[in-house]
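UniProt numbering puts the first residue of the sequence shown at 1, with every later residue one more than the last. Please read the structure below before turning to the comments.
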Amino acid sequence: MHVGAEAATALVAWGNAWLTGHVGLDEAVDAVEKVAGPQILGAVPADRLVTGDSTGTVLSAETTLRRGLGDLRVAGMTALRLALPAPGDPLGLTGPPLFNRAAVEAESAVIATLSDRAIGLVPVEDRRGSSYVGIRWDAHDATPGEPDVPSLADADHQLTLAMRDATEALLTVDDVAGIPPEIADALADLRESGRGDHPLAPGYPARAHRVAALAGRLAVVVDLARQLDARGLTADQIRRRTEALRLLDGAVRRALVAACNSAFDPVR
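Laid out in structure tokens, this is it:
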């Protein structure tokens, strides 16, 4: 995953752990910034504000992530949701178009749910001077409502099927040149399902941790496989590899979204 998606995943996981009382604000922000470096919450430009915006005074100026999250909670924030969209697949988004376009371009976003509205946060690289590199969260008005995303159980099932199909496609298609060692290692890593990864944050159900851990390892496979040399492959083999990776990437994104957004699911 790219740094924006990693930052968004961490912000939702640790932000929800804070909102549900499992960690303090300082611990949550420290964990998020450990993943993607220093972060700030940008001000909402005037053209993105809505008449009667109850959060306008909260997001009227750029501030630290720690201060911004605290202010949003005072303004009524109750949950954070993850969106990992791609062109043609607005996964986790509910609109409006301005926010959706920014989120798709960034391939990630966080939606803060307030009592009367929603705020969309889009990660962009923040460079200042010769050495400072961090994340700035551009704020947008977002459409309230539940996005069309799979349940954790459905995402888990889809991920297992996509992993099986993609592994078979890679082993078959790339048999000509052999699987590079780094991909072979990543595929072997998938078998270590019982090693106790907890990639989310305190308070999440065990299944969410397991699904997120598997999705994270599969994301590495997707990134590495997309860099494979296509020399020696037929057009049909290239097509099969590309399609298998596309489906696996979609399943990985859905699994991460379902896992991160499960913080408030009923305990079963």
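Just so you know, even glycine gets a beta-carbon here, dropped at the ideal spot from N, CA and C.
Cβ pair residue i, residue j closer than 8 angstroms
i: V257; j: L91; result: yes
i: T94; j: A142; result: yes
i: V220; j: A255; result: no
i: A109; j: A118; result: no
i: V124; j: H140; result: no
i: E6; j: V35; result: yes
i: H209; j: L200; result: yes
i: V133; j: G37; result: yes
i: L41; j: A75; result: no
i: L25; j: G70; result: yes
i: E107; j: G4; result: yes
i: P144; j: V23; result: no
i: S60; j: A43; result: yes
When the options are compared against residue i, the one with the closest alpha-carbon
i: Q39; options: A8, A13 and G24; result: A8
i: T64; options: A153, W137, A215 and D249; result: W137
i: R240; options: L170, L72, L69 and S131; result: L170
i: R246; options: L152, D89, G134 and E27; result: D89
i: D148; options: A10, L228, L41 and R81; result: R81
i: A166; options: A13, Q237, H2 and A28; result: Q237
i: residue 272; options: H157, R127 and S131; result: The shown model of the chain, from 1 to 268, leaves out residue 272, and the question about it has no answer.
i: P205; options: D71, L84 and A153; result: A153
i: R66; options: L84, A28, A86 and R127; result: A28
i: A155; options: G15, L25, E33 and A251; result: A251
i: R253; options: L84, V23, E107 and L233; result: L84
i: L244; options: S60, W14 and A225; result: Note that residue 244 corresponds to Ala in the displayed sequence, not to Leu. Taking only the C-alpha atoms, the option nearest A244 is A225.
i: E146; options: N261, A13 and S131; result: N261
i: G120; options: L72, D126, R127 and A86; result: L72
i: L214; options: S130, A259, E168 and V32; result: A259
i: residue 347; options: I135, D116, A235 and D126; result: Because the chain here runs from 1 to 268, residue 347 falls outside it and cannot be looked at.
i: M1; options: R127, R207, G68 and G216; result: G216
Residue range of the alpha helix (DSSP H) that includes residue i
i: L19; result: V3 to L19
i: E105; result: P97 to A106
i: D265; result: Taken as a continuous stretch (DSSP letters only), D265 belongs to no alpha helix (DSSP H), as it is neither H nor E.
i: E27; result: L25 to A36
i: T242; result: A235 to C260
DSSP beta-bridge partners of residue i
i: D89; result: A86
i: H140; result: G120
i: L41; result: T63 and W137
i: R81; result: I111
i: D126; result: G134
First through last residue of the beta strand (DSSP E) which encompasses residue i
i: A208; result: Element bounds for A208: not the beta strand (DSSP E) but the alpha helix (DSSP H), A206 to A225.
i: V110; result: A109 to T113
* To do: Give a yes or no on contact between the stretch 15-24 and the stretch 99-109, applying the rule of three or more CB pairs nearer than 8 angstroms.
  => Short answer: they don't touch.
* Asked: Does the stretch 159-170 touch the stretch 259-266, meaning 3 or more C-beta pairs lie closer than 8 angstroms?
  -> Too few Cβ pairs lie closer than 8 angstroms, so no.
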